[in-house]
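Q: Numbers in my numbering are just positions in the sequence shown, counted from 1, shifted up by 15. Dumping the structure here so I can ask a few things about it.
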Amino acid sequence: RTVVKGALAAPIAATSVGIGFNPAVMAQDGPIVVGSKDFTEQFILGNMYLLVLEDLGLETEASLNLGGTQIAHQALESGDISLYPEYTGTALVEVLDLSVEEVLAEASSATPVADASPSASPVAGGTNAEYVYNIVRDAYQEQFNLTWLAYSPANNTQALAVSREYSEESGVTTISQLAEVAADLTISAPADFPEREDGLLGLQRVYAAGFEDIEVLPVQPGLKYQALLDGEAEVVLAFGTDGQISGYDLVVLEDDLGLWPPYNVAPVVQTDLLDANPDIGARFDEVTTSLTDAVLSDLNWQVDGDDGADPADVARQYLEDNGFIGG
């Protein structure tokens, strides 16, 4: 997950669009405000949501690049935005403050049950993915009156990555092996990494003393890979669908002790909005369930790689190519 450099480093200006005639537009009380957090994948997804809503003839307003999880969640809970993309694991840990270890232990012993929700994700993500999604979905509905639509097959899990050269020379392929030498290393990561339970605190708890003395180089998300390439760090906090992983031929270390939960992405939406516009859920579900690891990694790399494409253009091209909106 990487912040786009240049114009997108500042909050994206709000715009309103109304297309055609649709009875739902007449029922709108102001535009549907689409938010996002502050990295490439979120910009792409936020633009996808805007385009699908506009294709339905609904008036929209963009409020992208809000910041981190807490800022985006508070904006949604307060009604400042109508929806934004969120990750199941992030919601579990950062919003609901639940224990990953306890939840995954429960998941391993639970018997999967059929999910009758209209937005139950039909994709295969493993028992843990479905279990975490169900917990998050139900808790958000009960605590915040917010609805999670279907989740993606893509798992944008947090991860630690190193250069292929470092991995081959050191023999490090797992986080446990990295922990043995971590005191001599520097990790490039966003500024909130040391305080996050699914960040350095979690690494220290699950992988023990090896991470007590690792040096953290706090950087803007968009610069974390550059620090690795420039030799300022040996390790980078990566995310599973980052295009840079394949683009720079990095090695993702195995999370062999299971620190991180699934991070499947889904639109989180004001329930009242879905009640007033029932077509939104089905249209979003079609798009979200098409987003695999490979798809999101490719879309992200179109923006973050040498092409430097605009996230809005990447989103539109994908939706048009796959028949999700009219060309």
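By construction, the Cβ of each residue, glycine as well, lies at the ideal position given by its N, Cα and C atoms. Everything numeric in this text was worked out from a predicted model, so none of it was measured.
#1: DSSP beta-bridge partners for Ser-78?
#2: If we ignore side chains and look at the alpha-carbon of each, how far apart do Ala-325 and Gln-332 end up?
#3: Taking Cβ positions only, does Leu-111 come closer than 9 Å to chain C?
#4: Are Val-115 and Gly-214 touching if we call contact CB-CB under 9 Å?
#5: Over the uninterrupted alpha helix (DSSP H) stretch that includes Leu-60, give me the two end residues.
#6: Arg-220: which of Ser-123, Pro-236, Leu-274, Phe-54 sits nearest, CA to CA?
#7: Is the beta carbon of Gln-158 sitting closer than 9 Å to the one on Tyr-99?
#8: Starting from the C-beta of Glu-335, find all residues in its chain whose C-beta is less than 8 Å away, skip the five residues before and the five after it, and write them out in chain order.
#9: If you reduce the DSSP assignment to three classes, tell me which class Ser-275 lands in.
#10: From the DSSP output, read off the bridge partner residues of Gln-285.
#11: Quick one, which of Ala-309, Gly-237, Gly-246 has its alpha-carbon nearest Asn-80's?
#12: Would you kindly report the start and end of the unbroken beta strand (DSSP E) that includes Val-329?
#13: Any chance the segment 92 to 107 sits against the segment 261 to 281, with 3 or more Cβ pairs inside 8 Å?
#14: Going along the chain, which unbroken runs of the alpha helix (DSSP H) with 4 or more residues stay wholly within the segment 152 to 218?
#15: With a Cβ-Cβ cutoff of 9 Å, do Asp-207 and Gly-296 count as a contact?
#16: Take every Cβ of the segment 232 to 252, pair it with every Cβ of the segment 143 to 160, and state whether three or more of those distances are shorter than 8 Å.
#17: Could you give the uninterrupted runs of the alpha helix (DSSP H) lying entirely in the segment 217 to 281, keeping only those of 4 residues or more?
#18: Sorry if obvious, but does the Cβ on Glu-76 come closer than 8 Å to a heavy atom of the ligand GTP?
A: Based on what the coordinates show:
#1: Gly-50
#2: Strictly speaking, residue 325 in this sequence is Asp, with Ala absent from that position. Looking at the two C-alpha atoms, the distance is approximately 11 Å.
#3: Within the model displayed, chain C is absent; a lone protein chain is all it includes.
#4: Not in contact: Val-115 and Gly-214 (Cβ atoms no closer than 9 Å).
#5: 55 to 70
#6: Leu-274
#7: no
#8: Gly-341, Gly-342
#9: Going by the sequence as given, residue 275 is Trp instead of Ser. Here Trp-275 sits in coil by DSSP.
#10: Under DSSP, Gln-285 forms a beta bridge with Leu-161.
#11: Gly-237
#12: First-last for Val-329: 326 to 336, but that is the alpha helix (DSSP H), not the beta strand (DSSP E).
#13: yes
#14: Unbroken alpha helix (DSSP H) runs of no fewer than 4 residues, entirely contained in the segment 152 to 218, are found at 179 to 185, 190 to 196, following chain order.
#15: no
#16: no
#17: Secondary structure remark: continuous alpha helix (DSSP H) runs of at least 4 residues inside the segment 217 to 281, in chain order: 239 to 244, 258 to 262.
#18: Although the ligand GTP was asked about, the structure shown includes no ligands whatsoever.
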